[in-house]
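*Asks:* The sequence shown begins at 46 in my numbering and counts up one residue at a time.
Note that beta-carbon positions come from the ideal geometry of N, C-alpha and C, so glycine has one too.
My structure is below; once you've seen it, I'll send some questions.
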Amino acid sequence: MSNPRLQEIITKSLKKRENLQNSDTNLIRLIDGGGDALRGSILESYGEGWMISSSGSGLNPDLRDLLSAYGKPLYWKRLDQHQKESPVHVSGPEMPEFFTGKENGLQCRLSFQSGYSQGIFIDQRDNRAALRAMIKPGQSVLNTFAYTGFFSIAAAAAGAITSTLDLSQVYLDWARNNFRLNDMDPEDHYFCKGDTFHWLRRFAKQGRKFDVIILDPPTFSRDDKGKVFRVEKDYGTLFKLAASCLEPGGKILACTNFRGMSLREFMAQLKEADLKAVEMPEDFTDAPYLKSVWARF
Ligand SMILES: C[S@@+](CC[C@H](N)C(=O)[O-])C[C@H]1O[C@@H](n2cnc3c(N)ncnc32)[C@H](O)[C@@H]1O
Numbered sequence: 046m047s048n049p050r051l052q053e054i055i056t057k058s059l060k061k062r063e064n065l066q067n068s069d070t071n072l073i074r075l076i077d078g079g080g081d082a083l084r085g086s087i088l089e090s091y092g093e094g095w096m097i098s099s100s101g102s103g104l105n106p107d108l109r110d111l112l113s114a115y116g117k118p119l120y121w122k123r124l125d126q127h128q129k130e131s132p133v134h135v136s137g138p139e140m141p142e143f144f145t146g147k148e149n150g151l152q153c154r155l156s157f158q159s160g161y162s163q164g165i166f167i168d169q170r171d172n173r174a175a176l177r178a179m180i181k182p183g184q185s186v187l188n189t190f191a192y193t194g195f196f197s198i199a200a201a202a203a204g205a206i207t208s209t210l211d212l213s214q215v216y217l218d219w220a221r222n223n224f225r226l227n228d229m230d231p232e233d234h235y236f237c238k239g240d241t242f243h244w245l246r247r248f249a250k251q252g253r254k255f256d257v258i259i260l261d262p263p264t265f266s267r268d269d270k271g272k273v274f275r276v277e278k279d280y281g282t283l284f285k286l287a288a289s290c291l292e293p294g295g296k297i298l299a300c301t302n303f304r305g306m307s308l309r310e311f312m313a314q315l316k317e318a319d320l321k322a323v324e325m326p327e328d329f330t331d332a333p334y335l336k337s338v339w340a341r342f
């Protein structure tokens with residue numbers, strides 16, 4: 046099974062990211078497809094575990110054998126936009142149902158058995174760090190489309206009062222767990238279950254304002270009443286609505302991972318604010334897909 050070229054790619058990719066992995070951070074993209082000369086395959090570290098994702102119906106046997114030789118718990122999932130299956134165990138020790146990873150010293154609850162996503166989107170690491178750095182104690186942060194709430198954790202670590210908003214009760218409970226994991230009391234924070242548009246309208250009506258709002262919606266979603274959200278059509282409305290819930294001088298982090306829209310087209314939807322686009326983290330070496338813009342009012 047010797048494949049020196051493939052071994053060289055793996056060694057080089059791991060070496061390149063050596064300085065990113067440390068006792069504070071073990072949530073890293075280790076191989077980023079074409080960006081590391083391995084088109085179609087992505088290797089990520091989640092705490093103690095490794096996840097290899099690839100397109101096609103199975104894992105390349107050479108890649109499987111070479112990665113297995115590192116002795117880590119290795120899981121595989123198929124990269125597929127439409128068929129989102131849970132990862133399968135490939136080799137090494139099996140991970141418990143729930144385990145933890147670390148990002149800049151903050152703990153995150155993870156799972157390889159809870160569906161297609163593992164509990165954190167690691168491509169948002171630098172944005173969370175930027176949020177944490179800009180927060181002053183007592184400021185308010187609204188984290189919409191929050192998933193497991195890790196933007197809220199980053200903000201709360203800097204002393205923010207956070208509101209974590211998601212359609213899914215499962216993810217809101219997961220977010221509460223993330224607070225506890227970091228010795229923070231979820232009771233000191235707010236959790237809102239339901240559709241982002243619905244809550245933003247409600248906040249606007251009540252005159253409730255935030256210092257920072259995080260907008261990182263999926264490309265397509267359907268709310269609890271069946272109403273559809275599409276990034277290319279609806280982002281401008283979402284942004285405007287969020288802006289109406291901002292304190293004077295407040296900021297919005299507007300993100301999308303929709304590949305069908307350029308950064309320019311995305312920014313054109315973000316009206317009446319000073320905009321600053323930021324790049325993806327350095328371990329994401331393939332074509333950048335996540336567009337992130339800090340909007341200041
Ligand atoms: C793309 S992820 C968001 C990623 C998250 N911002 C992060 O960085 O971890 C999608 C999340 O949005 C939630 N969601 C989808 N549609 C929603 C809606 N209309 N209102 C609120 N949450 C929604 C899903 O339940 C899921 O947790």
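For alanine 201, count neighbouring Cβ atoms within 10 angstroms of its own Cβ and tell me buried if that reaches 16, exposed if not.
*Replies:* Within the sequence shown, numbered from 1, the residue matching residue 201 stands at position 156. Counting Cβ neighbours within 10 Å, alanine 201 comes out buried, since at least 16 surround it.
*Asks:* Beta-carbon separation of arginine 62 and aspartate 328 under 8 Å?
*Replies:* The residue labelled residue 62 in the question sits at position 17 within the sequence shown. The residue labelled residue 328 in the question sits at position 283 within the sequence shown. Yes, Cβ-Cβ distance for arginine 62 and aspartate 328 is below 8 Å.
*Asks:* Counting C-beta neighbours from all protein chains within 10 Å, is the total for glutamine 169 16 or more, i.e. buried, or is it exposed?
*Replies:* Residue mapping note: residue 169 aligns to position 124 of the sequence shown, counting from 1. So glutamine 169 ends up on the buried side.
*Asks:* Is any non-hydrogen atom of ligand 1 found closer than 7 Å to the C-beta of serine 33, if you look at the structure I gave you?
*Replies:* The requested residue 33 is not part of the displayed model; the chain covers only 46 to 342.
*Asks:* Can you list the residues near ligand 1, meaning Cβ strictly closer than 5 Å to any non-hydrogen atom, in the order they appear in the chain?
*Replies:* Phe166, Gln169, Phe190, Tyr192, Asp211, Leu212, Ser213, Tyr216, Asp240, Thr241, Asp261, Pro263, Ser266 and Asp268
*Asks:* Could you check whether serine 208 and asparagine 188 sit closer than 8 Å to each other, using their CB atoms as the reference points?
*Replies:* For this step, residue 188 is matched to residue 143 along the sequence shown. For this step, residue 208 is matched to residue 163 along the sequence shown. Yes, the pair counts as a contact, with Cβ atoms nearer than the cut-off.
*Asks:* Per DSSP, what kind of secondary structure is aspartate 81 in: helix, strand or coil?
*Replies:* On the sequence shown, residue 81 is found 36 positions in, with the first residue counted as 1. It is helical.
*Asks:* Below 7 Å CB to CB, which residues in the same chain sit around tryptophan 339 once its five sequence neighbours on both sides are set aside?
*Replies:* As a working note, residue 339 is residue 294 in the sequence shown. Lys296, Leu298, Lys321 and Val323.
*Asks:* My output table needs one value for glutamine 158: the three-state DSSP class, helix, strand or coil.
*Replies:* The residue you call residue 158 lines up with position 113 of the sequence shown. In the structure shown, glutamine 158 sits in coil (DSSP, three-state: anything other than H, G, I, E or B).
*Asks:* Please work out which residues of its chain come closer than 6 Å, Cβ to Cβ, to alanine 178, disregarding the five sequence neighbours upstream and downstream, and give them in chain order.
*Replies:* Here residue 178 is taken as the residue at index 133 of the sequence shown, counted from 1. If we look at alanine 178 and ignore the five residues flanking it on each side, it has no Cβ neighbours.
*Asks:* So what does aspartate 211 bridge to, in DSSP terms?
*Replies:* For the purposes of this step, residue 211 is taken as residue 166 along the sequence shown, with counting starting at 1. Paired residue(s): Lys238.
*Asks:* Would you kindly work out how many angstroms separate the C-alpha atoms of glutamate 89 and glycine 252, rounded to a whole number?
*Replies:* Your numbering for residue 89 matches position 44 in the sequence shown. Your numbering for residue 252 matches position 207 in the sequence shown. Answer to the nearest angstrom: the Cα atoms are 42 Å apart.
*Asks:* In chain order, what residues of the same chain have a beta carbon less than 6 Å from the beta carbon of serine 337, not counting five sequence neighbours either side?
*Replies:* The count along the sequence shown starts at 1 and reaches residue 337 at position 292. Taking serine 337 as the centre and dropping the five residues before and after it, the same chain places the C-beta of Asn172, Cys300 and Val323 closer than 6 Å to its C-beta, in chain order.
*Asks:* Measuring CB atoms only, is the region 64–81 touching the region 303–318, in the sense that at least three cross pairs come out at less than 8 Å?
*Replies:* no
*Asks:* With contact counted as at least three CB pairs below 8 Å, one residue from each stretch, are the region 105–116 and the region 140–151 in contact?
*Replies:* no
*Asks:* Within 10 angstroms of the Cβ of valine 273, are there 16 or more other Cβ atoms? Answer buried if so, exposed if not.
*Replies:* Position 228 of the sequence shown, counted from the first residue, corresponds to residue 273. With fewer than 16 Cβ atoms within 10 Å of its Cβ, valine 273 is classed as exposed.
*Asks:* With burial defined as no fewer than 16 other Cβ atoms inside 10 Å of the residue's Cβ, what is the status of phenylalanine 265: buried or exposed?
*Replies:* Taking the sequence shown and counting its residues from 1, the one referred to as residue 265 is at position 220. Exposed, because fewer than 16 other Cβ atoms sit within 10 Å of the Cβ of phenylalanine 265.
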